[in-house]
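Going by the working numbering, the sequence shown opens with residue 31, and the numbers climb by one from there.
From the three backbone atoms N, C-alpha and C, an ideal C-beta is built for every residue, glycine too.
Here's the structure, in structure tokens; my notes come after.
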Amino acid sequence: MKKTRNTQKQDYVIDILTNAKHTMSVEAILKAMPIKVNKTTVYRILERFAEKGKVHFVTGEDGKAYYALCNDCNVKHEMHNHIHFQCKSCKKVTCLPYEIEVPELKDFEVQETQFLMIGICDMCIS
31 MKKTRNTQKQ DYVIDILTNA KHTMSVEAIL KAMPIKVNKT TVYRILERFA EKGKVHFVTG
91 EDGKAYYALC NDCNVKHEMH NHIHFQCKSC KKVTCLPYEI EVPELKDFEV QETQFLMIGI
151 CDMCIS
């Protein structure tokens, strides 16, 4: 059975994120795509994947969203309570394996969490 073009594009996005060593912006994903794809299409694919818990994102210091595949994610998908680190030198955003305890807030409904630390990464500090 032939895949639809949308499924093919989704497969490419998953493959790109699977092979990524760090989070990726939509612009970086578009550059890695082997076919021409509209930026809006990639945003829609990522939004769908985020809703399904396949990917998560964090907003970087520059205001851009950076996406990563949810690998072996053992936390609720709407609460990614691990740390992300953005390097001021190379600008890469990396998911780190350190969890932060998210408090329950009385009279508030927390729907999303984002934890971003900013500094110099181990590759740039050397």
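The segment 51-62 touching the segment 122-137, judged by at least three CB pairs closer than 8 Å: Contact holds between the segment 51-62 and the segment 122-137, because three or more Cβ pairs, one in each stretch, are under 8 Å apart.
Nearest-angstrom beta carbon gap, LEU99 and LEU47 [assumed within contact, 8 Å]: 4 Å
Reduced DSSP secondary structure (H/G/I, E/B, other) of GLU129: Secondary structure at GLU129: strand, using DSSP grouped into helix, strand and coil.
Which of helix, strand or coil DSSP assigns to CYS154: Helix at CYS154.
VAL72 vs VAL56 beta-carbon contact at 8 Å: yes
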